[in-house]
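Chemist:
Protein chains in written order, with the working numbering: chain A, 101 to 604; chain B, 101 to 604.
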């Protein structure tokens, strides 16, 4: 694409980038059918190798095998669902304007527009989902589905699993007939930063900490040719419980909360970091009882443990915070971190005055219970304290429909990507309507990294004007060889306009 | 949205931002019907006031009244077309996942996703389209259509026209019942930069020079909460003429080229800056003859004239460039610039070796004719020399269908937003399939600023999980009160998946 000298930190990286750039045009022209087959081939190979992968994953991440099996189901389903989306073809958003000599602003040419892949994508794998947000995870699936070569930066937390998964992906894509260079794994941070700066990389995605993510986003934005950086940097996922909900169902709420905070040792981007409850509610006892039943869970990496221990010390050490469940965090003789959940209680006033120190995410099993007196103040408070989150949750009683609740929901919609009614934000289904994003810092670009809409992040649009049929790409041809949806604007739209004026 | 102190440079700006932020939630909840009516009201008022606006526009911009009348038709059509798109509602991309206890990766909740406005938008008006890319232009129409308040930074080139247009827009929106604060005009650069830094502004758009646009893009990216900056910074719109095309139609190509370069004094973002023709083609005489018929045309601003004169001197002063038509540029006693078109000739070798100096856009009626010997080298050359353009054009003979031509078209698709077959890139129709964007520097974010897809730039997506009907926004309700398209993923998708596997 460009003859700008590569800033590659290693010869290996230079080869990876050259291969990816060379593969890009060929991959972009594969049929949806061939690309769908390749995605399914990856899913099939992962399923076949699952048992050997679980052994490595358990050893490297400390996550429970049951949890990892669920994550693998999600990962392979994701690939298969994206294959379906590719084959169906509406993600191409093919639009055809018929030529119209009488168009209202002057003769209109034949214009046809379609989504095309942007080019090689750099995916930074996450630590906390070694399958679903790692080498063969959602970003890889979305980028390949869109028709782009993928270069994955392995997460340091699971290097052996990353290499084993990469071998499977590479073999499966090759066996499905995709060109060399459509997939590669890189491991060093220097290589990753060099790749992010390289002109051949056309977009990047990331899931991790706000500090690391922002530093990378700034690199992407300061390139001679800036590229989109889809970073998911941090979210505290506040939960708001109404008085009526708590009266209706105190035990379920308390137990569900503890389970959601503790699952995967709190190392989830949608862990509820704050629970707003009316003051003087008798929920503390149930939380203490439920927390007592949670065993010690290992943490992902020494870095996560160190960061979590610091954050926990800061919060529990504050004078305006009361520790309800102290919990624990320790490092064992092998250097692995282990934790049990910590719950603290504070007031709205303390949260507002101590916000800079209290509001940051704690990446681990700690959550803050905030007692409120005035439900009518919550909507404004929610927007002010939580300007960017992946999720926000309300627990209301069945049939509860007050103006305060409606106002709170509208506020939460403005500052988060997904608003839940009941239930808990951990557990994100991979579907057509899922949204996993939100205003900064939940996402650096407010789009989704989960669900079928994620494919759109790795596409751009191109229009062809007055092209002969033989020069058009298949999705824009009149004979529509891929059988994808085409939206046609017929000649005479200006009179159609006239006839439709009556509808509003 | 936030209590971050405003960096407003003036009290007036602070009021503008507060009003816009206050209006945002109310505007976001207006029905498509009401918003469509408001857009049509603006179009109607502009039509009513057109004659008085043309008088100001001619005086301030030096553009011909005929051209301005055409631009006004486009501007009001744009508003009416966007009204239609809003009322139709597929831009909301409403998706509904039915709950599914048997979903393949675990029980699926009811999830519903819809596009919502992002919040106040800062629009930097352009100099060269005082109607269509200015106060009531495409970005304003798109942002309002999406449901966002708009703050327009007036271009210094037409301040009186900007104020007159802003009064019309403000009155029309108020008469249509939209809340106060949905539209405002600001004029100082300091205010514009302060607004770009203000947390209440959620996205910005810009059309202008690469240097100014990049500086603003960098400010948007370096905010504590970065925002999307949709900048259109520069494009040289190369045109490639095949040997066969030139034999078939030399006079039409030469004359069309001169007309496209000279129109609006070359001050168009899609002006063809480079024309590639086979060496030793007898096209020079026709270009000289056609250029001789072009009268002197006034330029937009003293700044444009100074920049163009410098650029023209640089290009015509080079030893590896031959001046075919010298043309002229001068400043009159009133400080207005005037120009006639300049055409120069160079070789592919000179272009490659002198690329840094030769390849930048000349914003005025200058174009470079590049003689080539090897058609097979053009695809690689095009990608290397022109990595980001709004348009690229090929002129081929009727029925010409060579591998070189197909390869060139594929290359041009990768580096430009619109690929034309015959014709000239100036003149951009406002339609569903139009794409006016491209890789950097054509656009800072590769999306479109023209056509109905432009609305998507000012939207984000939100999902509601297990929401009661009364808490859902209208486009996601089962009773669908706005009668917009809803895409539903029915329960049992996993079996649907099974039944569809056979298709690839």
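The C-beta atom is built at its ideal place from N, Cα and C for all residues, glycine as well. Here the structure is a predicted model, which is why all the values come from computation and not from measurement.
Thinking residue 562 of chain B and residue 535 of chain A are a contact (beta carbons under 8 Å), I'd like their distance in whole angstroms, please.
Modeler: The Cβ separation is near 6 Å, so the contact holds.
Chemist: So which of B:544, B:416, B:438 and B:187 has the shortest CA-CA distance to residue 140 of chain B?
Modeler: The shortest Cα separation from residue 140 of chain B among B:544, B:416, B:438 and B:187 belongs to B:187.
Chemist: Where residue 292 of chain A and residue 220 of chain A are concerned, what is the direct C-alpha to C-alpha distance, given to the nearest angstrom?
Modeler: Cα-Cα distance, rounded: 13 Å.
Chemist: Using 8 Å as the threshold, is the C-beta distance between residue 229 of chain B and residue 305 of chain B below it?
Modeler: Not a contact, by the Cβ cut-off of 8 Å.
Chemist: Quick check on the burial criterion: 16 or more other C-beta atoms within 10 angstroms. Buried or exposed for residue 266 of chain A?
Modeler: Buried, by the Cβ-count rule.
Chemist: Could you say which of A:269, A:184, A:144 and A:406 lies nearest to residue 608 of chain A if we only look at CA atoms?
Modeler: Because chain A is modelled from 101 through 604, residue 608 of chain A falls outside the range shown and cannot be assessed.
Chemist: Pick helix, strand or coil for residue 586 of chain A, following the three-state DSSP scheme.
Modeler: Here residue 586 of chain A sits in strand by DSSP.
Chemist: Which one of B:207, B:248 and B:438 has the shortest CA to CA distance from residue 362 of chain B?
Modeler: Comparing Cα-Cα distances from residue 362 of chain B to each of B:207, B:248 and B:438, the minimum goes to B:438.
Chemist: Using a Cβ cut-off of 8 Å (strictly closer), state whether residue 502 of chain B contacts chain A.
Modeler: False, the Cβ-Cβ gap to chain A never drops below 8 Å.
Chemist: What number of angstroms, rounded off, separates the C-alpha of residue 479 of chain B from the C-alpha of residue 279 of chain A?
Modeler: Going by the C-alpha atoms only, they are around 21 Å apart.
Chemist: Take residue 428 of chain A as the anchor and find which of A:392, A:566 and A:382 has the nearest alpha-carbon.
Modeler: Looking at the Cα atoms, A:392 is the closest of the given residues.
Chemist: Out of A:443, A:216, A:255 and A:217, which one is the CA nearest neighbour of residue 232 of chain A?
Modeler: Of A:443, A:216, A:255 and A:217, the residue nearest in Cα terms is A:255.
Chemist: Would you check if there are 3 or more beta carbon pairs closer than 8 Å linking the region 414-430 of chain A to the region 166-180 of chain A?
Modeler: No, they do not touch.
Chemist: Going by C-alpha to C-alpha distance, which of A:422, A:465 and A:509 sits closest to residue 409 of chain A?
Modeler: Per the Cα distances, A:465.
Chemist: Kindly list, in the order they appear in chain B, the residues whose Cβ is closer than 9 Å to that of residue 488 of chain A.
Modeler: Within 9 Å Cβ-Cβ: 325.
Chemist: Go to residue 453 of chain B, then tell me how far its alpha helix (DSSP H) extends in each direction, as first and last residue.
Modeler: Its alpha helix (DSSP H) spans residues 448-453.
Chemist: On the CB-based measure, 16 or more other CB atoms within 10 Å of its CB, does residue 444 of chain A come out buried or exposed?
Modeler: Residue 444 of chain A is buried by the Cβ-count criterion.
Chemist: Could you name the residues of the region 437-461 of chain A whose beta carbon sits closer than 7 Å to any beta carbon of chain B, in the order they occur along the chain?
Modeler: Listed by position along the chain: nothing, the set is empty.
Chemist: Can you tell me where the alpha helix (DSSP H) holding residue 403 of chain B begins and where it ends?
Modeler: Where residue 403 of chain B is concerned, the enclosing alpha helix (DSSP H) stretches over 402-416.
Chemist: Please classify residue 110 of chain A: is it buried, with 16 or more other beta-carbons within 10 angstroms of its beta-carbon, or exposed?
Modeler: Per the 10 Å Cβ criterion, exposed.
Chemist: With 7 Å as the C-beta to C-beta threshold (strictly closer), list the residues of the region 565-577 of chain A near chain B in chain order.
Modeler: Flagged, chain order: 565, 566, 567, 568, 570 and 571.
Chemist: Identify every residue that forms a DSSP beta bridge with residue 194 of chain B.
Modeler: Its beta-bridge partners are B:586.
Chemist: Anything in the region 506-537 of chain B with a Cβ closer than 8 Å to a Cβ of chain A? List those residues in chain order, please.
Modeler: Taking 8 Å as the Cβ-Cβ cut-off against chain A, the residues of the region 506-537 of chain B that qualify are 506, 509, 510, 513, 514, 515, 516, 517, 518, 519, 520, 521, 522, 523, 527, 529, 530, 531, 532, 533, 534, 535 and 537.
Chemist: Give the interface partners of residue 197 of chain B over in chain A, defined as CB-CB distance under 8 Å, in chain order.
Modeler: Residues of chain A passing the Cβ test: 529, 531, 532, 533 and 534.
Chemist: Can you determine whether any heavy atom of the ligand ATP sits closer than 7 Å to the C-beta of residue 548 of chain A, and answer yes or no?
Modeler: The ligand ATP is absent from the structure shown, which contains no ligands of any kind.
Chemist: Tell me, please, whether the CB atom of residue 117 of chain B is closer than 8 Å to any CB atom in chain A?
Modeler: For residue 117 of chain B, the answer is no, since every Cβ of chain A falls outside 8 Å of its Cβ.
Chemist: Closer than 9 Å by beta-carbon distance: list the chain B residues that pair up with residue 211 of chain A, in chain order.
Modeler: Within 9 Å Cβ-Cβ: 518, 529, 531, 532, 533, 534, 535 and 551.
Chemist: With respect to the alpha helix (DSSP H) encompassing residue 125 of chain A, which residues constitute its N-terminal and C-terminal limits?
Modeler: 111-128 is the span of the alpha helix (DSSP H), which, as asked, contains residue 125 of chain A.
Chemist: Take residue 310 of chain B as the anchor and find which of B:460, B:582 and B:285 has the nearest alpha-carbon.
Modeler: Nearest C-alpha to residue 310 of chain B: B:460.
Chemist: So residue 135 of chain A and residue 245 of chain A are in contact, right, with Cβ under 8 Å, and what is the actual spacing, rounded?
Modeler: Contact flag correct, Cβ pair sits at about 7 Å.
Chemist: Count the other CB atoms within 10 Å of the CB of residue 351 of chain B; is the residue buried (16 or more) or exposed (fewer)?
Modeler: Exposed is the call here.
Chemist: Less than 8 Å between the CB atoms is what I'm expecting for residue 172 of chain A and residue 150 of chain A, so what's the real figure, rounded?
Modeler: Contact holds; Cβ gap of about 6 Å.
Chemist: Does the pairing of the region 196-203 of chain B with the region 544-562 of chain B give three or more beta-carbon distances under 8 Å?
Modeler: Flag = no, the region 196-203 of chain B and the region 544-562 of chain B do not touch.
Chemist: Can you tell me which of the three DSSP states residue 559 of chain B falls into?
Modeler: Residue 559 of chain B falls in the strand class under three-state DSSP.
Chemist: Taking residue 516 of chain A as part of the beta strand (DSSP E), name the residues at either end of that continuous run.
Modeler: Looking at the DSSP string, the run of the beta strand (DSSP E) that includes residue 516 of chain A is 516-521.
Chemist: Would you list, in chain order, the members of the region 154-183 of chain A that have their beta-carbon closer than 8 Å to a beta-carbon of chain B?
Modeler: From the region 154-183 of chain A, only 170, 173, 174, 177, 180, 181 and 183 have a Cβ closer than 8 Å to chain B.
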